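Asks: Each residue of the sequence shown is one higher than the last, beginning at 1 in the working numbering. Take this structure first; my questions come after.
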Amino acid sequence: MTQSPPQVAVANVALTGIGLFNQSLSVTLCVTNLNRAPIAFDRVTFRIAVADAPLADGVTDSAVAIPALTSVPVPIAVETTIRNLAAQLGSTLETGSIVYRLSGVVQLTNLPFGVPFSREGRLTLLQAGEQYADMTAVSGETRCQVSPPTMEPVQ
Numbered sequence: 001m002t003q004s005p006p007q008v009a010v011a012n013v014a015l016t017g018i019g020l021f022n023q024s025l026s027v028t029l030c031v032t033n034l035n036r037a038p039i040a041f042d043r044v045t046f047r048i049a050v051a052d053a054p055l056a057d058g059v060t061d062s063a064v065a066i067p068a069l070t071s072v073p074v075p076i077a078v079e080t081t082i083r084n085l086a087a088q089l090g091s092t093l094e095t096g097s098i099v100y101r102l103s104g105v106v107q108l109t110n111l112p113f114g115v116p117f118s119r120e121g122r123l124t125l126l127q128a129g130e131q132y133a134d135m136t137a138v139s140g141e142t143r144c145q146v147s148p149p150t151m152e153p154v155q
């Protein structure tokens, strides 16, 4: 019996720090195990692009185990430049959403090679009165529960 690769989507993106040249983002990936057996991975590397322009790259080296038929949030701290962030801001403010492309590789614990993934989705912006942006991909996947990030200064 072969296992299906995990599905990876963006569950949340939040600005956590502002510096002169770099900004810190908290990106929460939603990793879904579609199998009837648990899976584990050692590493996820990814790139988020908006309007075909790179926004941020990220990597996590934290081992994660996912029970069967379950989605788990995987928070990753990333940095982006003011240039990358500003380039995306104009159209985002007009439409209230961002269409993104997420690509990368999941290194499953029991495989000697990485499993690539690629996904497109739409993120909606913070609504008045909300404490943080609920930028859940609107592709019908299982929602991951995410907590609001904390602001931290960028050094």
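C-beta atoms are modelled at their ideal positions from N, C-alpha and C, and glycine is treated no differently. As the structure is a computational prediction, the values presented were derived from the model and not from experiment.
(1) Shorter than 8 Å from the beta carbon of Ala11 to some beta carbon of chain D?
(2) The beta strand (DSSP E) spanning Ala49 covers which residue range?
(3) May I ask you to list the residues that DSSP assigns as paired with Phe117?
(4) Between the C-alpha atoms of Gln131 and Ala14, what's the straight-line distance to the nearest angstrom?
(5) Run through DSSP, which three-state label would Asn22 get?
(6) Counting beta carbon pairs with one atom in the segment 52–64 and one in the segment 22–42, are three or more of them shorter than 8 Å?
(7) Using CA atoms only, rank isn't needed, just tell me which of Asn84, Ile39, Ala51, Ser97 is closest to Leu111.
(8) Run through the DSSP bridge pairs and tell me what Thr28 is partnered with.
(9) Let me know the secondary structure DSSP gives Asp134 once reduced to three states.
Replies: Looking at the coordinates:
(1) Among the chains of the structure shown, chain D does not appear; only one protein chain is present.
(2) Against the sequence shown, residue 49 aligns to sequence position 49. Its beta strand (DSSP E) spans residues 39–50.
(3) Here residue 117 is taken as the residue at index 117 of the sequence shown, counted from 1. Answer by DSSP bridge pairing, in chain order: Gly104.
(4) Position 131 of the sequence shown, counting from 1, holds the residue named residue 131. Position 14 of the sequence shown, counting from 1, holds the residue named residue 14. For Gln131, the predicted model reports a pLDDT of 45, less than 50, meaning its position is unreliable; a value from the coordinates is still stated below. Looking at the two C-alpha atoms, the distance is approximately 11 Å.
(5) If you number the sequence shown from 1, residue 22 lands on position 22. Here Asn22 sits in strand by DSSP.
(6) yes
(7) Counting from 1 along the sequence shown, the entry for residue 111 is found at position 111. Cα-wise, what sits closest to Leu111 is Ile39.
(8) To locate residue 28, count along the sequence shown from 1; it is residue 28. Asn12, Pro75, per the DSSP bridge assignment.
(9) Counting from 1 along the sequence shown, the entry for residue 134 is found at position 134. Low confidence applies to Asp134: its pLDDT is 40, below 50, so where it sits in the model is not reliable enough to give any reading.
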